[in-house]
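Under the UniProt record's numbering, think of the first position of the sequence shown as 1, with each following residue one higher. Everything below concerns the one structure shown next.
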Amino acid sequence: MAVEKENVANARSASPSPSPAPAKAASAGEDQLPPELEGMSLIFTGLVDKKTKVVDLVASWMETFDESADDGLAALVNFVLHCTGSTILLSTTQVLTEDLDPLLAAIVKEFTHPTYPLVNPDLKKKVKFGPRLEAFWAELINLAANSLLPAEDVFATLLRWITAMSSCTVRAFRHTATITAYAIMAPLMGVAQAGLRQLSLAERQMLTFAKQATAAGSDGDDDDDDDDDDDSPTPMDEESAVGKRRSSRGSRNMASRIDMLKNRIATLKINVARAESFLKSLFSTIFVHRYRDSVGLLRAKSIAALGEWIAGYPKIFLEPSYLKYLGWTLSDKDANVRLAALKALRGLYDDSNAITALSSFTERFRGRILEMAKDSSVNVAVEALGTLSALLETSMLEQSDIDAVYFYISVENRKIRTEAAHFVRKHLFDIIIASQLLPGQSDDEVDKARVRGFVQFVLNFSYQAQNPVYIVDALFKHAPCLTAWPVMLDLLQEEPASNVDPGTHAAEQDLLVRVLAACARLATGGSVIPNEPAHVSASAAAAAAAAIRTTFLPRMTDLFALFAGKPPQLALLLELVEVMDLSDVAADDSLRDAFDACLAAAHKLLFASAEPEVFAQVAGLYGTLLAAAPQLTTKVENALAQDLYAMVESVDNARAGGSMPDPASAAGRDNLRTLALALQRAAAFATAHDLSLHDAAPLVDAAAAFIDVAVAALAAAADPASVADCYSPAALDAALRILFGHAAWARARVEEPLVALAAKESAGETVPEESILGVKTEVAAVLEAYAGLVRAVESLLLPSAAVKLGPTDYLPTLCTAVGVAVDAALLFAPRLGETALAPLATPLSTPLQADMVSFMEQLFEAYENAYADESVPDDVLGAVYDATDATLGALVRGFAFGGLDTAYAAHLVTHYQEHDRLFAPVIGGMVKRMVTRLSAAVAEPLIEALKFKLADAEEHAKLLPKGQTRRLTASDSLRAPIRRLATKLAADTKDAILVVQQIFALGIPAALADAPTNFALLDGLASFSSRLNADQKAEVLKFLEANFKALEKNLIFAKEDIDMYNKLRAKLGASVPPPAKPASAKAKAKKSNKTKRSSRKASHGKITIASLTEDHTSVVPVLGAKRKSKRARKSSNLSSDLLVTPPSKARKNSARTSPSSTTAPLTLEALDAPSPTPPVGDPAGGVGLPPADDDIVDDHADEDFAAPRRRRARRSLL
């Protein structure tokens, strides 16, 4: 300790090293330096000033180094030290000391800064410190390499300081030193590369001069014909003597050049050797430890740097001993590290010169790269697919690997699908189909071969019914042949070849229709996937619409005949009519006849099919044509009226005499089926067209009557399945949608008069009585329509019926019922309350509230019973969950627009404390919409009602559907409501204190150990602090500081939460003290043992805490499902970021790796925090493994290549 104090005292009293020339320039503005930069290194103060050029700083330092190498070295060491955030200035003597450990330990002990330049958010706003730091070292190494490399001791001392800092326990030192080392290695490699080029040039020059010297030395001294020397020289001899003297001078000059080249070659070899030695030294002393650092950022930086080194200096780094680190970190628990490794590999595979050296590595880790295509991180999965695309060009992928990649072109995620499309395009179009093309083929023949090959590909690699649409969407931009409309038409009408199976040809034709419809939709600016925008310009879409009309409309009759008897394909052909440009159809007789044929085909298809998708397609066609082709309105309306008349006629025939058919007789059951089918056809039109304009009232009456008899039959039946043949869920749903559509269109007709009436009344104008009476008649009709709808919904929600409907296939029908009831009761009636027609606005919601409560109780109970029933399949249980979620969503929409008062809403939230943890996001959204109308009196019980979601995170996980991998935290649903509550209630001091008290009350449950939620609580407080006056801030601050200690006992805070707490105190006017000094190794070991003891008491499935460093605590909830099927357990791709080793297993793993890690002081090895275990070597050899003492705790035991003992340690979590 005495040594440490003496070192610190010397460091503080040491005078700064002699300043270089720019120091005067810096000192000229020294008075303007901020207080925190006083006494700092001149290089550092210049670097944080964006007005100072990096090249000037380097030139200034070089002048100092030329005057005194030691002073220059001291300037660099102080610069690195100040980049960590330390303010200590070392003397030259201290920098040159041999024993750095006591001095560095003293410096670290005095380090109290909570942040440092590389991560300081305030500094980032002023200057890009990180890039400037890297630019400084690059400029310095490039300009001063000739001085530093010969001064081997100076450079070695600098690297010794950097290495010592990189193994420091404080993150600021470790991070800064690591970035500095990597910033030095990059330009140092450039220097070495330049030296190698110069060395190669000098050696070639040496060889050339050597040849010239050999040729000159072979010439003789006597040019006479005789062999004797001449005693009396002739004129010729005199000329020869002159030539010899010139040749002698040339030989001496050449010898001098050769000597200079020899010296230059020797110097270059020495410099290159020293540079390579420094590179290897930095790698072995810094990278080997920091690629396993506890901080993911440093691991990612290390792997990214390694990729640059391998690509930039393959002479050293393109070897298995260095490549293995990329392979090991493909299994890192941090997604950014895995991403960095993949990016490095992708760049290497793109380099054709590196392919041979990568063959062994690829054989070893190819399987892992394939697995990463289904990584939990989308960015990692996309980069893995990009790496596989680069691998494809190297011919290192097997056919099974290619087939596995094909799957990803049909997934729902657009980024993954798009990246997989690049792979498929390369393999399918550039390799497979290209090899089948013959020389001299025309463009149409080439396009035909490509389209045929594409259809065969889609047919072979379709895993789901909707996948062809996803595949077309992904490859549409990569395959111009998909917009060759004449070619696709010829393929549709092509006869099968003699050697082709007719069934296969028919399947290809049917699939080609689906591909054609999707391509037409995309080419005309539409979208084939919900919620995904189109990427086609308006001009291109218009051109495509015209081309499709020109190509297909004249041939539609032939196509309808070709696919007669196949309703799905006929419906897809009608989609082509929807996207056509029909502006010129009315003026062309042939096109008009073709259009009439399409309408006739639509009518025939509507009544020949029993598929709801076909009904919707025909109804959508009419709607599109009415909106897009005004000149054809008469034709379309006539066709629509004809279809509706046929529906009414079929309903009348089924209801002979106006009564419902009797299901007791065979004829009655047939009539019921006919009626159900007619209702389903009508329902497809009810929401798109106003049935009342087409004399379709019998359809509405039939729908209401059908619901009444269906509910009665279901209530009386012992088993709902016994009457499902006559009263199917689809028919009930269709009847509801007819009633809803009828009411909605009736409401739409009175919207404009109501708006005008309300505007006049709000402006104080006198509304004539006749105007009120005119609107009153229309409103009465609307209320009558809604009354019928509400009666139907009430009958469906009766307990006797709901019990039968809930756990079966009828559940979507009930959800539809709730949705239409919300529309009826909550959206229309409040509008009347704003006008003089308020007396007519009978609260339609009143008779529904009790039924909704009863229905929702039974629905939640049915879900939990189904979950407990092992015989219920996972997919059925998931469907029940989604339907219940949708029902709650309908209620949320009602709360958003009013109609249900806030007291009832608060009652609903409170009533379902035992159930709605399943649907936290939906309830959270409901509360978020409600709080804008809440008062302080309602807020308190409402917040109390929300507490259960925070305390029951574990139960929430247990009740999730089996086989699903949803990961929800309480903060996801509470962050926005907390902010809304805070904003709403911060009107005066009393309400502000109420908000503080209630938000703190949310965190009191001891089961809550969720760092994101803690952050949400503090963030909610900070959201309204700026709205308070000085007195309010003082009172809130007083309460905050008084209660933080109590809160801290029950909550586990991450560093981000502490920062938010300090920022909140600063916003409230308090001074934020500096953080406490880092605890000693003994104290940290004691704290670690205490944490482990508390962790041992935690049971499996509860929240587990993983302490990464002394200043970073990661709290990760392990959400384990109650039961999973074997298939779900195998296919579940759990996020590696959410998996934490159970405490008991973690103890076993740590005992294997470092038995004394809990009591021994921190060392270089101890700092190498857990990161992925390197893959176990295969029997065939391959990349080597690290020594045993570098073994790392595995966080990816679910992967195939993980060590068996680690897989057993994690099996319970999977």
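Note that CB positions come from ideal geometry on N, CA and C, so glycine has one too.
Residue range of the alpha helix (DSSP H) that residue i falls in?
i, result
"Y322", "320-328"
"F287", "Careful: F287 lies outside any alpha helix (DSSP H) and carries neither H nor E."
"H689", "Element bounds for H689: n/a, residue is neither H nor E."
"Y313", "Y313 -> no alpha helix (DSSP H), and no H or E assigned at all."
"S590", "589-608"
"S498", "That residue, S498, is in no alpha helix (DSSP H); it is neither H nor E in DSSP."
"S400", "399-406"
"Y622", "612-628"
"V528", "Element bounds for V528: n/a, residue is neither H nor E."
"S60", "54-67"
"E371", "359-371"
"M580", "It is not in any alpha helix (DSSP H) - M580 carries neither H nor E in the DSSP assignment."
"A717", "That residue, A717, is in no alpha helix (DSSP H); it is neither H nor E in DSSP."
"I355", "Looking at the DSSP string, I355 is not in any alpha helix (DSSP H), and its letter there is neither H nor E."
"K343", "335-349"
Could you give the distance in angstroms between the alpha-carbon of residue i and the alpha-carbon of residue j?
i, j, result
"L159", "S256", "38 Å"
"A746", "L428", "54 Å"
"R274", "E152", "8 Å"
"D1031", "A1066", "15 Å"
"R549", "F365", "52 Å"
"L693", "D490", "43 Å"
"V48", "R368", "43 Å"
"S284", "E319", "15 Å"
"I433", "L199", "48 Å"
"K1038", "N1062", "14 Å"
"A177", "M165", "6 Å"
"H289", "I184", "17 Å"
"S1135", "A384", "At S1135, the pLDDT of 31 sits below 50, so the modelled position is not reliable; the number obtained from the coordinates is stated separately. Distance between the alpha carbons of S1135 and A384 is about 16 Å."
"residue 1243", "A641", "The structure shown has nothing for residue 1243, since the chain only spans 1 to 1214."
"A340", "V513", "43 Å"
"T504", "L516", "18 Å"
"T633", "L625", "8 Å"
"S665", "A696", "28 Å"
"I431", "L392", "10 Å"
"A1197", "K333", "Its pLDDT being 30, under 50, A1197 is placed unreliably by the model, and the measurement read from it follows with that caveat. Answer to the nearest angstrom: the Cα atoms are 11 Å apart."
"A705", "M660", "7 Å"
"I265", "V58", "28 Å"
"L323", "E445", "46 Å"
"E134", "A181", "10 Å"
"residue 1220", "L599", "Missing from the structure shown is residue 1220; the chain here goes from 1 to 1214 and no further."
"L576", "A520", "7 Å"
"V411", "N531", "15 Å"
I'd like to know whether the C-beta atoms of residue i and residue j end up nearer to each other than 8 Å.
i, j, result
"A713", "V723", "yes"
"T394", "A474", "no"
"L511", "F476", "no"
"F44", "H82", "yes"
"M580", "A543", "no"
"A65", "A144", "It should be noted that the sequence gives Phe, not Ala, for residue 65. Yes; because the gap between Cβ atoms is below 8 Å, this pair is in contact."
"D70", "L96", "yes"
"V378", "I409", "no"
"T551", "A594", "no"
Next on the checklist: Quick test of the definition: if touching needs 3 or more C-beta pairs under 8 Å, does the stretch 296-312 touch the stretch 183-190?
Outcome noted: yes
Next on the checklist: Does the stretch 125-135 come into contact with the stretch 104-113, if we say contact requires no fewer than three beta-carbon pairs (one atom in each stretch) closer than 8 Å?
Outcome noted: no
Checklist entry - Is there contact here, the stretch 608-624 with the stretch 667-685, by at least three beta-carbon pairs under 8 Å? => result yes
Item to check | Length at least 4, wholly inside the stretch 447-484: the alpha helix (DSSP H) runs in chain order | outcome: 467-475
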